[in-house]
Amino acid sequence: MAVIKALQAVSREIDLEKLIGTVMMIAVEWAGAERGLLFLGRLKPTVAAEAVTRDDKVQVTLEQSFVSTPQFPESILRYVIRTRESLILADASTKNSFSEDEYLRSLKARSILCLPLMKQGLLIGEIYLENNQVAGAFNRDRLIVLELLASQAAISLENARLYSEIWEENSERIKAEEALRASEERMNLAAEAANLGMWVWEIANDDVWTTPKCRVLFGFEPDEQIDFRRFVGRVHSEDRKPILEALRRSLHTKSGYDVEYRLAMPDGSTRWMSTRGHSTFDADNKPVRVMGVSIDITAAKVAQLELLQQRDELAHLSRLTTIGELATTLAHELNQPIGAIHSNAETAEILLQKDSPDLEEIRAIVGDIRRDGWRTGEVIHRMRALLRKREFRAEPVDIKTLIEGVSDLLHGTLLSHKTRLRIDIAQTLPFVLGDPIQLQRVLLNVILNAVEAMSDCTLEERQVVVRATADTALGVEVAVSDQGAGFSRWKLSRLFEPFLSTKKNGMGMGLAICQTIIRAHGGQITAENNPLRGATVRFTLRRCDPKREESA
Amino acid sequence: MIPDIASDHGRLRQPVVPIIYLVDDDESFLRALSRRLRVGGYQVECFNSAEEFLARPRSEVSGCAVLDLQMPGPGGLELQEALAQADEPLPVIFLTAHGDVPTSVRAMKGGAVDFLRKPVRGEDLLDAVRLALIRGSAEREKRRKKRHWGARYERLSPREREVFVLIVRGLPNKQIADVLSVSQRTVKAHRSQVMHKMGVQSSAELGRAVEWLGDVLVDAPSPKPSTG
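Chains A and B are the protein sequences, given in the same order.
Residues 4 to 555, numbered by my numbering, are exactly what the first sequence covers, in order.
Residues 4 to 231, numbered by my numbering, are exactly what the second sequence covers, in order.
Here it is as structure tokens:
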């Protein structure tokens, strides 16, 4: 009964240390040993525990608590390891095959028992028992029970060891997980400090997980369920399309993406965000999730926009100054020689009316007139060179790229004028032949005119529509419409004349320059009032014909 | 030692051709305009810059300055200001290739006779020059008369200056004596001194001198109303 209990106890124990204690306790008690050692380890057995009987009580000391390594007869252990069989010495003090053992010689050991711990044919350890008081303490009957115990102990020890290893592994993992959690927390902390919001979109169940900061940034409640639609819904409607396109491109190319956009917050405010994201894919190359980091860049953006606006104003101012100075210089440079020519001609006329004209003087006058005439031409030539900053260079231009480029340029201006820009480009448009910089200037001018024409309109009305359609005759027609007051009949007839301005602070050079540029491109520019309200300026551009280009 | 006004007048009437001073940095323009003014009957002196003009030796001959508004260095307006400081300021006509309103207003306020745009019609310029010479000689005459009467007035004693004022006010000797608390004999003596020193025959002539004296004229006590 006691043996079965003992075996049950051993078999139930999975804690290695407790198991060792139990096994040694039972072994020492059952065998009636004075002292017992447990060896573990397949290749190099080491003492795992020592059990000592004192005052009828067995005390087990585990390896880690050893003051010094317990002594034992190594030859006996080696024998058991080699033979994998139990060994009993009834009286070690008598002459036997282990008498040469140092331990046995120095210590007058009497009864010795050593048995292997085997599990499925594998030696996992040994138990050594000794009783130095009496000889023949360990008999064969005891040995059978001990071997039974040993086999159960072996299984349990191995299980416990495995369990312990797993547990250790587990605790390592837990440690690693904890470290990860700690680093995540640190990252969160850093992220919060940097105003960063992190989010993960699990595509399979369409769930968006975010850090708390991210919810604050995007204006979500702490416990609000977020799916992709809701998440993207926060983005300003005008910026939504570019973001979705960036995401689509990123999923397609498996590369990260980087976008700047506005958020339309629930409270009606607008915030600028910058998001950097990337996606992960499964073995079938299907996207699994998209992860991103978003940062609020409103302050920086506002500063940038203000800077842009200032630069705009500065550029405008310097342009005005330049034109003003140019006009002054031109007037002076031209009026000097013209004035001289005029006076000289008058003088010559007067002299010629005399009876005997002073021909010498008249010759000098005519020479001066000729030189001043030449000078006038030179002035005009120089001015033209000055005005024409660069050569006209025609190349194939994608009207879509052109319009989008101008739209980008105007982004800040449109924002500050609270004006929307709607771009409507026909699907298949031919490339046009032109100087992109000059065409950009025309478009910029015309759109800016449209924006400024609506400065007195309500916010709802402030929309500029840029429409690009195929023009059957020429190639492409671009129309820019506003919702402003339109042109008066008088203005409409003189719209493209230089120095006519319908704007309070305009120079009136805009449309005249536009006409010059468009005509140089072989196109036409026209303006008309819309049927309901506002006006439309349209211009045509010649399609780029590669064949004609080659033959030309 | 006092210049005689009559002989001064005599000199003005001599057939002296006035000089037109042209100042412009454009050589060709200068030459063309000087030709035009010469065939219009004037003497012309040309200068390439304001500095050159200001450094010219003083001429007693009447004339006017035709100045280019825009010149390197001091421009026409600066030159006008410098000329206004002179004892005998020349009347000024401005020529400009691109004059703006504020500049022309400043020029006219500074006493310019005219402000003409280049190119300028010869007749317009000659009209302006004629006007400038007339205005110039009138100004010159005014300054001369002012100097003449001022110098004479300087010679009066303080008492004689008081008597001068009272005579001009039309007070008889008796009243002047009352106001100044002196005898009528004394007043008569002062009156004859005033007439002599001012070089006039009648109190009416003395009255005309008053308008050239302006603020140099001292004030005199008013007649007491009780003594009438």
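Quick reminder that beta carbons are idealized off the backbone N, C-alpha and C, glycines included.
Residues of the stretch 229-245 of chain A with a C-beta atom less than 9 Å from some C-beta of chain B do not occur.
The DSSP assignment places complete alpha helix (DSSP H) segments of no fewer than 4 residues inside the stretch 210-288 of chain A at 215-221, 231-236 and 240-256, in order along the chain. Listed along chain A are Q339, G342 and A343, each with a C-beta nearer than 7 Å to that of B:F32. In the DSSP annotation of this structure, the continuous segment of the alpha helix (DSSP H) that includes B:F167 starts and ends at P161 to V171. In this structure, A:R292 sits near A:W204, with a CB-CB distance shorter than 8 Å. In this structure, B:V95 keeps its C-beta atom at 8 Å or more from the C-beta atom of B:I23. The way I'd put it, the stretch 115-123 of chain B does touch the stretch 336-348 of chain A; three or more beta-carbon pairs between them come closer than 8 Å.
In the assembly as shown, A:V13 is a buried residue. Its beta-carbon has 16 or more other beta-carbons within 10 Å. Look at A:E463 here: in three-state DSSP terms it is coil, with no helix or strand label. Counting other Cβ atoms within 10 Å of its Cβ, A:K257 stays below 16 and is therefore classed as exposed. Taken in chain order, the complete beta strand (DSSP E) segments of 3 or more residues contained in the stretch 26-114 of chain A are 38-43, 49-57, 60-65 and 90-92. For A:N452, the enclosing alpha helix (DSSP H) has its first and last residue at P439 to A456.
About 7 Å separates the Cβ atoms of A:F42 and A:Y131, confirming a contact at the 8 Å cut-off.
Closest in alpha carbon position to A:G537, among A:T461, A:G489, A:L250 and A:G236, is A:G489.
For A:D401, the CB contacts under 7 Å within the same chain, skipping 5 residues up- and downstream, are F434 in chain order.
Put simply, the CB of B:L36 is near chain A, with a gap under 8 Å to one of its CB atoms. Taking the beta carbon of B:V123 as reference, the chain A residues within 8 Å of it are G342, H345 and S346, listed in sequence order. The beta carbon of A:C547 sits closer than 8 Å to those of P399, V400, P433, F434, V435, L436 and G478, all from its chain and outside the five residues before and after it, given in chain order. The C-beta of A:N288 has fewer than 16 other C-beta atoms within 10 Å across all chains shown, which makes the residue exposed. For the stretch 47-79 of chain B, the beta-carbon criterion of a distance under 8 Å to any beta-carbon of chain A is satisfied by Q73.
Contact check between the stretch 50-68 of chain A and the stretch 140-154 of chain A: fewer than three CB pairs, one atom from each, fall below 8 Å, which does not count as touching.
Taking 8 Å as the threshold, the shortest C-beta distance from B:A100 to chain A falls below it. For B:I179, the uninterrupted alpha helix (DSSP H) segment begins and ends at N176 to L183. A direct Cα-Cα distance of roughly 15 Å separates B:A35 from A:D361.
Under the 8 Å criterion on CB atoms, A:D358 is classed as non-interfacial with respect to chain B. A Cβ-Cβ separation of about 6 Å places A:F101 in contact with A:P76 under the 8 Å criterion. The Cβ-Cβ distance between B:L98 and B:V168 does not fall below 8 Å.
The Cβ atoms of B:C67 and B:V132 sit closer than 8 Å to each other.
The residue from A:I450, A:A473 and A:T519 with its alpha-carbon nearest to that of A:Q486 is A:I450.
DSSP places B:E55 in the helix class (H, G or I) of the three-state scheme.
Around the CB of A:Q11, fewer than 16 other CB atoms lie within 10 Å, so the residue is classed as exposed. Close partners of A:R374 in chain B (Cβ separation under 9 Å): S31. For A:G295, the uninterrupted beta strand (DSSP E) run begins and ends at P290 to D299, by DSSP.
DSSP lists B:I96 as the bridge partner or partners of B:D117.
A:G200 and A:V296 have their C-alpha atoms roughly 6 Å apart.
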